[in-house]
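Asks: In our numbering, the protein residues as written are 896 to 1395. Input: one structure, supplied below.
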Ligand SMILES: Cc1cc2nc3c(=O)[nH]c(=O)nc-3n(C[C@H](O)[C@H](O)[C@H](O)COP(=O)(O)OP(=O)(O)OC[C@H]3O[C@@H](n4cnc5c(N)ncnc54)[C@H](O)[C@@H]3O)c2cc1C
């Protein structure tokens, strides 16, 4: 497949955990920037000017210690994850994922099909599409349709679902260029992202392959009537501060930053995911990663229905779990954008105060532990809650917790295996402190044909304070306790929304 669009440049740690489960994480981690290319974010007035501040982030060589775990010394070194963030553009990521899907024997990819409309059938959906090269109509039938067709989603429009939110936060011209000359502008340690603000332009220069490919965002001033008011070529020279620069344009896109969330993600057997369901300003690089989280959530529930583990009512939980998180994350991203915009108005501050402020404001978007691990499902019909409330989170901070609804905090089960590697494909029961749950618990899963993997585990951390943790396919905790629950059938009914 040809290269993807150079849009998102961050594969978050949480997304990498999903890719690890799918078996594609190593390939993703190996792609893109050269091994020795740092992923620093630098804030400056231009390549020729002094740096205001620098957030030091590792190259691939610096990232992993000899034990294969995250090396110390970086701001996210102590994150509880087997898969630290990867700074990889969709330009390289999309072809990897495309090939990954292509290699599945039971997946048929139709890259040249253009969705036109769907029809609702008694027990499913019929899709009518055109095949681009010869305009021949294609008809496909299935139980479910999931529209992952981007911000202008034709599926969402046919569902009659509206986007709601904040309609304009700014406009950007983004150009992917081939220009080896830019690499030579770095006199010392290069950066992955250069955030540049000078008297002529404000924008970001992003290293895509660390050699010749660069993504150049330039903000269109609020006073401009349309995108063309920002001269595409001159703004590139202004951003980089080089008059005689020569480049080849590979892709160009003008886009408007918005915060829009679909009022619902489902109508009958038709769903929307990713940008079809939500778009927001790419602060913290979380647009694409939120789409992967949607897919992870919906896919295990859908698999449970199609494999006969759960009734179709389990799917009611998808929107109840993901819609609140989508609202939260979109608002955190917007708040960060407004905070960043605010710093430009504080011209009276001394340079060192500005440097500290820029550093403090930006660290949470590059080290966004809260967006990765802090979110929890707190109003789900599929989770057996107890009396403890989950800890709150913000963009940069998360508190590990085993409160039902939270992601299982990661720990290494032994020198090589992440606890996530040992989890079963559906439900997993972790038994701590040498305890074994009563047989009637595991029997109930068998009776209801819910696959359960039982794991004896040991870990020392204050938040692992229960003997038994039940973990779902998506690594979120759905029940915990110190003894056999009184009403096991009621728990089973909740896990799959049987009574829903
Ligand atoms: C310039 C730019 C920079 C960005 N930077 C970041 C960033 O730094 N961090 C971040 O997290 N996010 C960023 N984003 C957003 C990120 O790229 C998206 O969130 C992500 O690509 C969404 O993935 P998706 O699969 O939902 O939608 P898309 O990537 O839009 O994919 C939709 C797919 O559906 C196809 N399609 C559409 N209509 C049809 C049809 N009728 N029939 C068949 N196929 C169809 C399209 O061709 C496309 O392949 C950026 C976006 C842009 C535009």
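Glycine is no exception: its CB is placed at the ideal position from the N, C-alpha and C atoms.
Have a look at 1357, 1352, 1281 and 1291 and flag the residue whose alpha-carbon is nearest the alpha-carbon of residue 1386.
Replies: Taking only the C-alpha atoms, the option nearest residue 1386 is 1281.
Asks: Taking 7 Å as the cut-off, is the beta-carbon of residue 1231 closer than that to any non-hydrogen atom of ligand 1?
Replies: Residue 1231: no, Cβ never under 7 Å from ligand 1.
Asks: For a test of the three-state rule: what should DSSP assign to residue 1344, helix, strand or coil?
Replies: In the structure shown, residue 1344 sits in coil (DSSP, three-state: anything other than H, G, I, E or B).
Asks: Would you list, in sequence order, the uninterrupted alpha helix (DSSP H) runs of no fewer than 4 residues that lie entirely inside the stretch 1134-1222?
Replies: Entirely contained in the stretch 1134-1222, the alpha helix (DSSP H) runs reaching 4 residues are, in chain order, 1182-1201.
Asks: If we count the other Cβ atoms within 10 Å of its Cβ and call it buried at 16 or more, is residue 1088 buried or exposed?
Replies: Buried, by the Cβ-count rule.
Asks: May I ask you to check if the CB of residue 1010 is nearer than 7 Å to at least one heavy atom of ligand 1?
Replies: For ligand 1, at least one heavy atom lies less than 7 Å from the Cβ of residue 1010.
Asks: Compare the beta carbon distance of residue 1392 and residue 1273 with 8 Å and say whether it is the shorter of the two.
Replies: Not closer than 8 Å, so no.
Asks: When you measure from the CB of residue 1138 to every non-hydrogen atom of ligand 1, does any distance come out below 7 Å?
Replies: For ligand 1, not one heavy atom lies less than 7 Å from the Cβ of residue 1138.
Asks: At the level of alpha carbons, what is the spacing between residue 982 and residue 1267?
Replies: Rounded to the nearest angstrom, the two C-alpha atoms are 15 Å apart.
Asks: Please identify the residue among 1203, 1073, 1085 and 1164 whose C-alpha is closest to the C-alpha of residue 1147.
Replies: The shortest Cα separation from residue 1147 among 1203, 1073, 1085 and 1164 belongs to 1073.
Asks: I need the straight-line Cα distance from residue 1046 to residue 1307, nearest angstrom please.
Replies: Each residue's Cα considered, the two are about 38 Å apart.
Asks: Can you tell which of 1141, 979, 900 and 913 has its C-alpha closest to the C-alpha of residue 1261?
Replies: Residue 979 is the option with its Cα nearest to residue 1261.
Asks: Secondary structure at residue 1107, three-state DSSP: helix, strand or coil?
Replies: In this structure, residue 1107 counts as coil in the three-state DSSP scheme.
Asks: With DSSP collapsed to three states, give me the class of residue 913.
Replies: Looking at residue 913 - three-state DSSP - the assignment turns out to be helix.
Asks: Just to check, is the beta-carbon of residue 974 closer than 7 Å to a non-hydrogen atom of ligand 1?
Replies: Result no, Cβ not under 7 Å from ligand 1.
Asks: Using the three-state DSSP reduction, which class does residue 1076 fall into: helix, strand or coil?
Replies: Helix, per DSSP.
Asks: Quick check: is any heavy atom of ligand 1 less than 7 Å from the C-beta of residue 1116?
Replies: No, since every heavy atom of ligand 1 falls outside the 7 Å radius drawn around the Cβ of residue 1116.
Asks: Using a threshold of 7 Å, is the CB atom of residue 1106 nearer than that to any non-hydrogen atom of ligand 1?
Replies: Residue 1106: no, Cβ never under 7 Å from ligand 1.
Asks: Would the C-beta of residue 1127 count as close to ligand 1, meaning under 7 Å from any of its heavy atoms?
Replies: Result no, Cβ not under 7 Å from ligand 1.
Asks: Could you give the DSSP three-state label for residue 1359: helix, strand or coil?
Replies: Here residue 1359 sits in coil by DSSP.
Asks: Nearest CA to the CA of residue 1222: which residue from 1173, 1034 and 1191?
Replies: Of the candidates 1173, 1034 and 1191, the one whose C-alpha sits nearest the C-alpha of residue 1222 is 1173.
Asks: Does any heavy atom of ligand 1 sit closer than 7 Å to the C-beta of residue 1087?
Replies: Residue 1087: no, Cβ never under 7 Å from ligand 1.
Asks: Sorry if obvious, but does the Cβ on residue 1100 come closer than 7 Å to a heavy atom of ligand 1?
Replies: No, ligand 1 has no heavy atom inside 7 Å of this Cβ.
Asks: Among 1065, 1155, 1177 and 1100, which has the Cα closest to the Cα of residue 1122?
Replies: Out of 1065, 1155, 1177 and 1100, 1065 has the C-alpha closest to the C-alpha of residue 1122.
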